[in-house]
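I have placed the structure first, in the form of structure tokens, so that the comments after it can refer back to it.
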Ligand code: ATP
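In structure tokens form, the structure reads like this:
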């Protein structure tokens, strides 16, 4: 049997100033699941995400991605397996052309031609912008840039996609188009968001974190229908 895409067990972490941001977080995501990570500002969502790709080192507990522990000897492979799409596409787009940007990740992980060009084409097709390959990322719309940023990660064939506020700053059309793309990928996803309608549309399951603790984990539909839960954890529909 395949190991789960993500297993977080007893994860605790304090920042160097002593601020304890996570207290024994458990989170298991099976292959193919789409899960929203919800919680108010300062809940610990970003801190958790930065443990998945090994930016932060756990104070206690373990994180495994596709069965591989997030630990120093495996960090290169972990960074391939954990495809983080940042909120700001500027963090991911910096080459002269879209194709160069999409090729950058897999090339770094050792993919060579002709496989490299195939990865670029497949990733741009998957996000619905096959015609943008030769364009400069600087001259694209916000929605196009977000899709290309997603393609840069898909081209590395990650075990899990981690999307940081994917719907922020998108107009309604771009927002809907991105949702269609994400649903069509058929990939394991963890989506960090304050946009509860988007979580409902995309993620059958949600996990709510507050003050560094998982306070709810279940069907998004049910969690978002619980006014007490929403009020207690400052979640606004
Ligand atoms: P947001 O929704 O606003 O992005 P978040 O859920 O991602 O919030 P985190 O950024 O993970 O929350 O922060 C969790 C806690 O850790 C907060 O109390 C925050 O102030 C604190 N924190 C974050 N970064 C640092 C840091 N570098 N040093 C000390 N404390 C930090």
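Numbering (this note's numbering), first residue to last: 712 to 948. Ideal Cβ placement from N, Cα and C applies to all residues, glycine included.
*Does at least one heavy atom of the ligand ATP sit under 6 Å from the Cβ of residue 755?*
By one-based count along the chain shown, residue 755 stands at place 44. Yes.
_Paired residues, beta bridge with residue 917 - DSSP_ = In the chain shown, residue 917 corresponds to position 206, counting from 1. Per DSSP, 747 and 929.
*asked:* Would residue 924 and residue 724 be called neighbours here (beta carbons separated by less than 7 Å)?
replied: For the purposes of this step, residue 924 is taken as residue 213 along the chain shown, with counting starting at 1. For the purposes of this step, residue 724 is taken as residue 13 along the chain shown, with counting starting at 1. Not a contact, by the Cβ cut-off of 7 Å.
*Cβ of residue 764 versus every heavy atom of the ligand ATP: is any distance shorter than 6 Å?*
Locating residue 764 in the chain shown gives position 53, counting from the first residue. Flag unset: Cβ of residue 764 not near the ligand ATP.
*Using DSSP with H/G/I as helix, E/B as strand and the rest coil, what is residue 846?*
The residue given as residue 846 occupies position 135 in the chain shown. DSSP places residue 846 in coil when its eight states are reduced to three.
*asked:* When you compare the CB positions of residue 951 and residue 919, do they come within less than 7 Å of one another, or not?
replied: Since the first residue of the chain shown is 712 and the last is 948, residue 951 is not available in this structure.
*Mind checking which residues open and close the alpha helix (DSSP H) that includes residue 718?*
Counting from one through the chain shown, the residue named residue 718 turns up at place 7. Here residue 718 belongs to no alpha helix (DSSP H); instead the beta strand (DSSP E) covers 717 to 725.
*Completely contained alpha helix (DSSP H) runs for the region 845 to 890, where each covers 4 or more residues*: 853 to 865
*Can you give the beta carbon distance from residue 887 to residue 800, rounded, assuming they're within the 8 Å contact cut?*
Translated into the one-based positions of the chain shown, residue 887 becomes position 176. Translated into the one-based positions of the chain shown, residue 800 becomes position 89. Their Cβ separation, rounded to whole angstroms, is 18 Å, which puts residue 887 and residue 800 out of contact at 8 Å.
*asked:* In the DSSP output, which residue or residues are listed as bridge partners for residue 740?
replied: Within the chain shown, residue 740 is the residue found at index 29, counting from 1. Partner(s): 717.
*Should the region 745 to 759 be regarded as contacting the region 898 to 907, the criterion being three or more beta carbon pairs within less than 8 Å?*
yes
_Alpha-carbon spacing of residue 831 relative to residue 874, whole angstroms_ = Taking the chain shown and counting its residues from 1, one reaches residue 831 at position 120. Taking the chain shown and counting its residues from 1, one reaches residue 874 at position 163. If you take the alpha carbons of residue 831 and residue 874, they lie about 20 Å apart.
_Helix, strand or coil at residue 772 according to DSSP, with G and I counted as helix_ = Counted from its first residue, the chain shown places residue 772 at position 61. The DSSP-derived three-state label of residue 772 is strand.
_Backbone CA spacing between residue 753 and residue 825 [nearest angstrom]_ = Stepping through the chain shown from its first residue, residue 753 is reached at position 42. Stepping through the chain shown from its first residue, residue 825 is reached at position 114. Between residue 753 and residue 825, the C-alpha separation is close to 45 Å.
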